[in-house]
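What follows is a set of notes on a single structure, which appears directly below.
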Amino acid sequence: MLTGRARLVAVGVVMAAVVMDILDTSVVNVALPSIRTGLGAGNATLQWLVAGYSLAFAVLLIAGGRMGDVFGYRRVFMVGTGAFMAMSLMCGLAPNASILVAARVLQGVAAAMMVPQATSLLQIMYRPHERARVMGLFGALAGLGAALGPLVGGAILHADVLGTGWRPIFLINVPVGAGALVAAYFLLPAGRSPHATRLDVGGTVVVVVGLGLLVLPLIQGPSQHWPPWTVVSLVAAVPVLALLVRGQRGRARRGVPTLVDAAPFRRRSFLAGLALSLVVEAVLGGTMLVLTFTLQEGLGLSALEAGLATLPMIVGMVLGVAVMAEALIPRIGRYVVTAGSAVLAGGLVAVVWPMRHYAPDAVHVWQLIPGLVAAGVGLGMLMGPLFAITLQDVDTAHAGAASGVLESVEQLGAVFGVVTIGAVFLHRAGDHGAIPAFSWGIGAALVVLAVVAAASPILPRRFRTEEELGLS
1 MLTGRARLVA VGVVMAAVVM DILDTSVVNV ALPSIRTGLG AGNATLQWLV AGYSLAFAVL
61 LIAGGRMGDV FGYRRVFMVG TGAFMAMSLM CGLAPNASIL VAARVLQGVA AAMMVPQATS
121 LLQIMYRPHE RARVMGLFGA LAGLGAALGP LVGGAILHAD VLGTGWRPIF LINVPVGAGA
181 LVAAYFLLPA GRSPHATRLD VGGTVVVVVG LGLLVLPLIQ GPSQHWPPWT VVSLVAAVPV
241 LALLVRGQRG RARRGVPTLV DAAPFRRRSF LAGLALSLVV EAVLGGTMLV LTFTLQEGLG
301 LSALEAGLAT LPMIVGMVLG VAVMAEALIP RIGRYVVTAG SAVLAGGLVA VVWPMRHYAP
361 DAVHVWQLIP GLVAAGVGLG MLMGPLFAIT LQDVDTAHAG AASGVLESVE QLGAVFGVVT
421 IGAVFLHRAG DHGAIPAFSW GIGAALVVLA VVAAASPILP RRFRTEEELG LS
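Going letter by letter, the sequence shown gives residues 1 to 472 in our numbering.
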């Protein structure tokens with residue numbers, strides 16, 4: 001086991017790679033207007049730039065974790081990091097939108113190999129009594145990376161290094177990835193699971209096909225006016241995904257390794273938490289896409305100014321998680337979800353109001369701040385307890401697999417937010433402009449929030465906090 005300074009550097013390597021992934025998922029939103037101008041990208045292409053990455057990551061995340069168990073955590077981490085670096089270079093040098101989309105999807109594939117190894121490597125490097133502190137730091141850095149993504153992206157675009165515009169947001173991953181690879185080779189331990197099993201290749205293929213059939217028409221359909229193939233694809237997704245469920249159950253009965261561990265799905269709280277995570281992440285993903293686009297194309301802010309404008313929302317999220325959710329969970333239990341939905345809805349309406357009430361050139365960012373803070377508080381109240389809700393009744397022997405499923409569902413939620421809320425906004429923006437379209441996009445988010453509020457009775461009446469679960 002590594003000790004002292006070498007272990008700290010090794011932890012830094014692992015965290016740098018994960019933060020690189022987190023930043024990559026958020027900085028792209030800020031760069032979308034520049035990419036559209038630079039490459040002449042259409043609405044479907046812009047959606048694919050966001051959704052393609054998240055979809056590939058979500059679908060292959062669990063398989064990526066199993067690869068580490070089988071082939072060794074350091075080896076798979078290095079392969080994933082190297083591939084992520086190569087695909088970032090491909091993104092930064094992409095001559096057209098099609099190659100950029102392809103590279104983004106492959107980036108998601110690489111991230112699915114790289115990211116799951118992080119927690120496994122930290123488990124190896126630290127003894128049980130030492131892990132709480134380092135995992136807390138890991139979570140804090142991950143949250144900070146997500147929060148600062150729009151600001152970092154805006155700063156890079158504002159710098160316009162050598163006149164390259166949006167390209168450095170991807171190219172910056174190349175030196176970071178190269179440094180991580182070198183350090184990983186010399187410092188990271190070469191452990192693997194003592195209970196390593198075979199990969200469920202068939203299950204992975206079926207889930208990729210099924211989700212592809214589901215998501216592809218949702219992205220392409222609006223821009224192509226829903227041709228017959230989109231309907232056929234949506235219908236075909238149902239039996240394919242049903243085949244996946246049946247196949248996974250059959251493999252579990254035979255004792256054959258499965259892509260997804262079936263045990264957590266027997267818990268009502270786990271299923272309810274997954275459903276809420278999917279919907280809440282859809283609201284977050286769709287709203288952030290709509291907001292960053294409107295700030296730039298509707299209000300004429302620069303990418304840097306748009307990134308700075310999102311900071312009140314981040315402050316609100318911190319307050320929602322650390323103050324409101326913690327205070328309300330012991331008092332009202334599952335209805336904190338209802339309360340969070342109401343606060344978020346009120347905040348979004350408060351952001352829409354000045355854009356509807358004033359002419360675009362008369363809207364100032366300070367008028368949006370109260371609504372952004374309130375929206376952030378509501379998001380924090382929703383997202384804060386989801387981890388505890390979902391995992392509170394899962395046996396500790398299945399906690400790792402359950403956490404992987406939860407993260408995959410969260411990524412899929414972000415995809416669905418982009419292809420639903422984002423699609424409504426982009427379709428309207430093409431005909432009416434970003435400001436009128438903003439109301440439609442937020443309206444779609446409010447409809448989704450109504451589903452969240454209505455779903456709160458499916459949760460346990462009381463759920464334990466992360467401290468009670470011993471997970472924080």
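Ideal Cβ placement from N, Cα and C applies to all residues, glycine included.
Going along the chain, which residues of its own chain have a beta-carbon closer than 7 Å to the beta-carbon of residue i, five neighbours each way excluded?
i    : result
A350 : P370, G371 and A374
V363 : L299, P354 and M355
L295 : L301, A306 and A309
V279 : G413, V448, V451 and V452
A103 : M87, M90, C91 and A94
A429 : A437
V174 : M85, S88 and L89
L241 : G210
A41  : I35 and A97
Out of curiosity, what's the CA-to-CA distance linking residue i and residue j?
i    : j    : result
A31  : T310 : 14 Å
A51  : Y335 : 31 Å
R157 : L304 : Checking the displayed sequence, the identity of residue 157 turns out to be Leu instead of Arg. Distance between the alpha carbons of L157 and L304 is about 7 Å.
N43  : V448 : 22 Å
D69  : G191 : 9 Å
G80  : M114 : 4 Å
I458 : A272 : 6 Å
A345 : E281 : 15 Å
M317 : T287 : 14 Å
G433 : M125 : 52 Å
L289 : R66  : 32 Å
P222 : L8   : 49 Å
P227 : P217 : 9 Å
A455 : L244 : 26 Å
V212 : L291 : Here residue 212 is Gly; the residue named in the question, Val, does not match the sequence. Rounded to whole angstroms, G212 to L291 spans 27 Å at the Cα level.
L49  : W440 : 22 Å
F71  : D431 : 51 Å
P385 : G285 : 18 Å
I329 : G404 : 25 Å
S408 : S54  : 9 Å
F270 : G165 : 44 Å
R266 : P239 : 22 Å
Q367 : G376 : 15 Å
G422 : F293 : 10 Å
A155 : A58  : 28 Å
V352 : V365 : 12 Å
I314 : G255 : 45 Å
R331 : V206 : 44 Å
H225 : I219 : 11 Å
G210 : H357 : 44 Å
I169 : R253 : 47 Å
M78  : R198 : 20 Å
Leaving out the 5 sequence neighbours to the left and right, which residues in its chain are closer than 6 Å to residue i when beta-carbon positions are compared?
i    : result
A83  : A110
I435 : G298, M355 and P360
G378 : G340, V343, L344 and G347
L426 : N43
R251 : T258
T230 : P217 and G221
A275 : none
L319 : V377
M20  : N173 and V176
E410 : S277 and E281
D200 : P257, T258 and L259
Find out if the Cβ-Cβ distance for the pair residue i, residue j is shorter than 9 Å.
i    : j    : result
R74  : L106 : no
A445 : V215 : no
V27  : G177 : no
P116 : I62  : yes
V321 : G380 : yes
A262 : Q248 : yes
A56  : A118 : no
A97  : T45  : yes
A183 : A10  : yes
L162 : L100 : no
L187 : V13  : yes
V337 : L382 : yes
G443 : V424 : yes
Whose C-beta lies closer than 8 Å to the C-beta of residue i among residues of the same chain, with five residues either side of it excluded?
i   : result
L60 : G108, V109, A112, M113, T204 and V208
For the segment 30 to 107, which segments carrying the alpha helix (DSSP H) assignment without a break, of at least 4 residues, lie completely within its bounds, in sequence order?
43 to 71 and 73 to 93
Restricting to runs no shorter than 4 residues, where is the alpha helix (DSSP H) found entirely within the segment 256 to 303?
Within the segment 256 to 303, the complete alpha helix (DSSP H) segments at least 4 residues long are 268 to 293, listed from N- to C-terminus.
Hey, which unbroken runs of the alpha helix (DSSP H) at 4 residues or more fall wholly within the segment 348 to 395?
365 to 383 and 386 to 391
My parser needs the alpha helix (DSSP H) runs of 4 or more residues fully inside the segment 161 to 238; what are they?
168 to 171, 173 to 187 and 201 to 224
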